[in-house]
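Here the structure comes first, spelled out in structure tokens, and everything after it is commentary.
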Amino acid sequence: MNPRRAAKKSQPNPSDGEAPSHQRQEKDPLFPVVGIGASAGGLEAFTQLLTYLPANTGMAFAIVQHMPANQESVLSLILARTTRMPVQEVKDGMAIAPNQVYVIPPNASMTIEQGVLKLTPRTSSSRVFMSVDTFLLSLAEERGKKAIGVILSGGDSDGARGIEAIKAAGGVTFAQSEGSAQVNSMPNTAIATGQVDFILPPDQIAAKLAEIGNHPYLANSSATETEVMPTSSESQDALSIIFDLLRKATGVDFTYYKQTTLNRRIGRRMLLYKLENVKDYARYLQNNPTEVMALYEDALIHVTSFFRDPESFEALKTLVFPAIVKDKSPQTPIRIWVAGCSTGEEAYSIAICLLEFLADRLPRLPIQIYATDISETAIEHARNGIYTLSQVANVSSERLYRFFVQVEDNYQISKHVRELCVFARQNLIGDPPFSRLDLISCRNVLIYLGTPLQQKLLPVFHYGLKSTGFLMLGTSETIGDFADLFTLYDKKNKIYAKQITSTRLNVDIIPSSYSPAIVKPPTLATEQIPSDLEIQKEADKIVLNQYAPAGIVIDINLDIIQFRGQTSSYLEPAPGKASLNLLRMAKEELRRELQTAIYQARQQKLPLKREGIQVREGDRTRQITINVIPLQTATQECYLVLFTEMPLPVLPAASDDSSTPSKRKTRDAQEITRLQQELATTREHLQSIIEEQQATNQDLRAANEEILSSNEELQSTNEELETAKEEIQAANEELNTVNEELRRRTLEATQVSNDLQNLLSSINIPILMLGGDLQIRQFTPAVEGIFNLISTDIGRPLSDITHKLNVPNLEQQILEVIRTLNLKAQEIQDRDGHWYDLRIRPYRTIDNKIDGAVLVLVDIDDLKRSNPQLNSPSEPKD
């Protein structure tokens, strides 16, 4: 290193505002680290970026250039001339410090762990090595929200997976804009993931890095979110506003998601807009609806890969799949649900493992894999099944050949694998689950949900599984308090078996547009109520029976739902067919008053009271008060009707002068009052009948209009049916034409099949045709004795056949020919010592696809035996 630069490193210039490394680390032990990746054209981009970067950002910069293994590099010497920060080539075990630049050496893989850079030699492999992804993935895990990823000019897809991991960890991501990059493949692939925050030229990336370095989200000395998300009441109100905006825009309630994760995502969005207060960000969301959707997509974590945690997939093949297929019949499909499938890698990995497990099993079992996620963007990506080279880096070459098809520079899942998987958008908390499942895979989803949502989700999984089903969680997830629902089946790989339980589960499926309620733990069906509550219940019952007014609960049709107390003084069964209708059971003097009061209470939606109703029983008169109270339940509209008997006013005792004019006048006044009250009641009843009649007439008019409209729709439908009939007739003619064509092709295929059969029967050469799965397709009679074949062996695997050839690795040679497309020829012997020339060729279809192999055995026994005779010297003559 340049001595002048070394001196500067040990004693920084105070004018630059740079502190010594040890002081910086004491102040900020977890400083941001920027991982910068590039390939072709990267030197120019590196130079521009470092030229415009200040020397006192408080960040460390790691330069990772994607280059061939044996290429020499002087990148650190070149970059040292463009920046005032110390630039050094990394050595294994080197600790990083802020305000310094570290350059990866050639032919090495670099990772970061606990602030130390680790180097490992690159393994020799025909596959492209993703050096940028390797470092960025480790950086995301090590630095979390203080990881920053930058993808510059380059000619492949390296860095895309690393960018996704940094975004998921809460970090910030950059990509070079198309106009400024010499080669656009690397930045464009990163941008296509949808996880890039800023798309800028290198000089503007440098300015943005310097700008965000002082934001509290990155500058805080702690890795927690409390500094960005204070717990004051005003901040909590702002968070409530944010959650409400998200719920209204997306139908998803984030209230009970893991708060630390959400705070990190919100803090990250605040960083992008240079906002330091959560109240300001809530106000920004209210004024910018597009940012609400951006925050929603940011809050959905999409971190996945093919065969993530390979030991878990091996456990599926060795432990779970054998238990699932046991006693399975071809009529019973294998049903699997991948909950939170993200972009589909998890679902396709399970499908591939299942196909590998069932490869040698006959008969074939149907497979149904349902993969769901809340993100429509992720589901669309999964349906397409197209992945970049970096995304399939963990897939072996054999699996790439068998289950993927190369599409330009990417790889697409083969059609027969994609057809096994059904992808759909689903909110795990609000939408109904699948049922009769053999396996549920919900890996790394529960870690983002709060305890109430976990308590809601696990009973749903228990409900969806068959009695012999399995649940697979992520390596850092557990079933929590639901040990009575699941039994641990594989502790290391977090696989659980469903347990039959007598517990009454609270499986509450609510629409996703509503906010999820906090779910209480399930209670046992046989749970006993404490004795003190039992005593209170009995006491309440006695008080209600002795002191509460008698009453009934009726529905909107006036049918009695419940009797409360002794109602025999007001209700009695009517003669004839049994009925619980209130107007049929009520005593005659109460019917009109009840009908009027209930009608008015229904119209006004308020309690109604009717007093002074007189009921005669023989020579006795009772005065009744009726209270009608509307009740609104979750399922229906009801009314509580209470009857109260009021004491009659006490009249003075009769005397001899009772017939005096004053007494008669008092009795007449009382009778007039009673008659006036009865008249008022009659008028009210008549008014209610008139209103009901008007409402009925209006309903009849509306029904008549609907009937007329339905009649017009039926006429229109009839015309459409006539048109459809004509279309069906035309389609029938087309089908007849197609049928004739198919019949002709069938005859041609039959003729070709007959010709092929006669040709094979006439050829005295041993020929054996195999499919891509090494199942026997056709063979000539001459090969029957060599491979011990009979006509019913067509369709059987070659591994089930015992042949006479001395070729121990015959199947491996056939598979190699199918894979490499290269002809194999060799001279072999059978067990009898007979010589043959064995030739193995790939089987090509009409559309030039490889679908098996053809084995041809040429008899060379006579030729081999004549060679020694020709080469032996002639005997001397006498």
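When the sequence shown is numbered by this note's numbering, its final residue is 1859 and no position is left out of the sequence of numbers. We put the CB at the ideal spot given by N, CA and C, even for glycine. If you're wondering where the values come from, they're calculated on a predicted model, not measured in any experiment.
Inter-stretch contact at 8 Å, needing at least 3 Cβ pairs: the segment 1140 to 1147 / the segment 1110 to 1122:
In this structure the segment 1140 to 1147 lies against the segment 1110 to 1122, because at least three pairs of beta carbons, one per stretch, are closer than 8 Å.
Between the C-alpha atoms of residue 1822 and residue 1354, what's the straight-line distance to the nearest angstrom?
Roughly 45 Å separates the two Cα atoms.
Can you name the start and end residues of the beta strand (DSSP E) that residue 1099 belongs to?
Counting along the chain, the unbroken beta strand (DSSP E) around residue 1099 starts and ends at 1097 to 1102.
Do residue 1134 and residue 1019 have their C-beta atoms within less than 7 Å of each other?
The Cβ atoms of residue 1134 and residue 1019 lie closer than 7 Å to each other.
Span of the alpha helix (DSSP H) holding residue 1338?
DSSP places residue 1338 in the uninterrupted alpha helix (DSSP H) bounded by 1326 to 1338.
Any contact between the segment 1739 to 1750 and the segment 1309 to 1329? By contact I mean 3 or more CB pairs, one from each, below 8 Å.
The segment 1309 to 1329 and the segment 1739 to 1750 do not touch, with fewer than three beta-carbon pairs separated by less than 8 Å.
Answer with buried or exposed for residue 1776, where buried requires no fewer than 16 other C-beta atoms within 10 angstroms of its C-beta.
Exposed: under 16 other Cβ atoms inside 10 Å.
If you drop the 5 nearest sequence neighbours on each side, which residues of the same chain put their C-beta closer than 7 Å to that of residue 1375?
Non-local beta-carbon contacts of residue 1375 in its own chain, meaning distances under 7 Å to residues more than five positions away in sequence, involve 1286, 1287, 1288 in chain order.
What's the call for residue 1528, buried or exposed, on a 16-neighbour Cβ count within 10 Å?
Per the 10 Å Cβ criterion, exposed.
Give me the Cβ distance between residue 1567 and residue 1575, rounded to the nearest whole Å; I'm assuming they're in contact under 8 Å.
Correct: roughly 6 Å between the Cβ atoms.
Give the single residue among 1684, 1396, 1317 whose Cα lies nearest to the Cα of residue 1417.
Nearest of 1684, 1396, 1317 to residue 1417, Cα basis: 1317.
Can you grab the Cα-Cα spacing for the pair residue 1330 / residue 1808, in whole Å?
Distance between the alpha carbons of residue 1330 and residue 1808: 42 Å.
What residues match up with residue 1808 in a beta bridge as DSSP calls it?
Per DSSP, 1818.
With burial defined as no fewer than 16 other Cβ atoms inside 10 Å of the residue's Cβ, what is the status of residue 985: buried or exposed?
Bear in mind that a pLDDT of 35 at residue 985, under 50, signals an unreliable position, so the model cannot answer this.
Out of 1078, 1046, 1024, point me to the one whose CA is closest to residue 1039's CA.
The residue from 1078, 1046, 1024 with its alpha-carbon nearest to that of residue 1039 is 1078.
With DSSP collapsed to three states, give me the class of residue 1268.
Correct three-state label for residue 1268: helix.
Contact defined as beta carbons within less than 8 Å: I believe residue 1092 pairs with residue 1290. What is the distance between those atoms, to the nearest angstrom?
In fact, because the Cβ distance is near 18 Å, the residues do not count as touching under 8 Å.
From 1700, 1768, 1343, residue whose alpha carbon lies closest to that of residue 1812:
Proximity to residue 1812 across 1700, 1768, 1343 peaks at 1768, based on C-alpha coordinates.
Over what stretch of residues does the beta strand (DSSP E) that includes residue 1189 continue unbroken?
That residue, residue 1189, is in no beta strand (DSSP E); its alpha helix (DSSP H) goes 1183 to 1193.
Taking contact to mean 3 or more Cβ pairs, one atom from each stretch, closer than 8 Å, check whether the segment 1448 to 1455 and the segment 1472 to 1483 are in contact.
Touching, per the Cβ criterion.
Thinking C-alpha only, which one of 1226, 1609, 1225, 1275 is nearest residue 1177?
Nearest to residue 1177 by alpha-carbon distance, out of 1226, 1609, 1225, 1275, is 1275.
Which residues DSSP lists as bridging residue 1606, in chain order
Answer by DSSP bridge pairing, in chain order: 1625.
Using three-state DSSP, classify residue 1167 as helix, strand or coil.
Three-state result, residue 1167: helix.
So for residue 1083, helix, strand or coil by DSSP?
In this structure, residue 1083 counts as strand in the three-state DSSP scheme.
Cβ neighbours of residue 1226 in the same chain (closer than 6 Å, five flanking residues each side left out):
Once the five neighbours on either side are set aside, the close Cβ partners of residue 1226 are 1266, 1273.
Is the shortest distance between the beta-carbon of residue 1081 and the beta-carbons of chain C less than 7 Å?
Protein chain content of the structure displayed is limited to a single chain, and chain C is not contained in it.
Could you check how far apart the C-beta atoms of residue 1082 and residue 1098 are, in whole angstroms? I think they sit under 8 Å.
Contact between residue 1082 and residue 1098 does not hold, since the beta-carbon distance rounds to 12 Å and is not under 8 Å.
Tell me, to the nearest whole angstrom, how far the beta carbon of residue 1862 is from that of residue 1442; I am working on the premise that it is less than 8 Å.
Here the chain has residues from 982 to 1859 only, and residue 1862 is not among them.
How many angstroms separate the CA atom of residue 1042 from the CA atom of residue 1154?
Rounded to the nearest angstrom, the two C-alpha atoms are 14 Å apart.
Along the chain, which unbroken stretches of the beta strand (DSSP E) at least 3 residues long are found entirely within the segment 1125 to 1157?
Runs of the beta strand (DSSP E) inside the segment 1125 to 1157: 1128 to 1132, 1153 to 1157.
So which of 1585, 1600, 1604, 1588 has the shortest CA-CA distance to residue 1594?
Of the listed residues, the one whose Cα sits closest to residue 1594 is 1604.
Which residues bound the beta strand (DSSP E) around residue 1091?
Here the beta strand (DSSP E) through residue 1091 covers 1089 to 1094.
Beta-carbon contacts of residue 1837 that lie in its chain and below 6 Å, excluding the five residues immediately before and after
Close CB contacts of residue 1837 within its chain, under the 6 Å cut and outside five residues either way in sequence, are with 1748, 1820 (chain order).
Taking the alpha helix (DSSP H) that residue 1574 falls in, what are its first and last residues?
Residue 1574 -> alpha helix (DSSP H) spans 1569 to 1585.
Rank 1565, 1548, 1549, 1550 by C-alpha distance to the C-alpha of residue 1556 and give the top, closest one.
Restricting attention to 1565, 1548, 1549, 1550, the CA atom closest to the CA of residue 1556 is found in 1565.
Straight-line CA distance for residue 1705 to residue 1827?
Between residue 1705 and residue 1827, the C-alpha separation is close to 39 Å.
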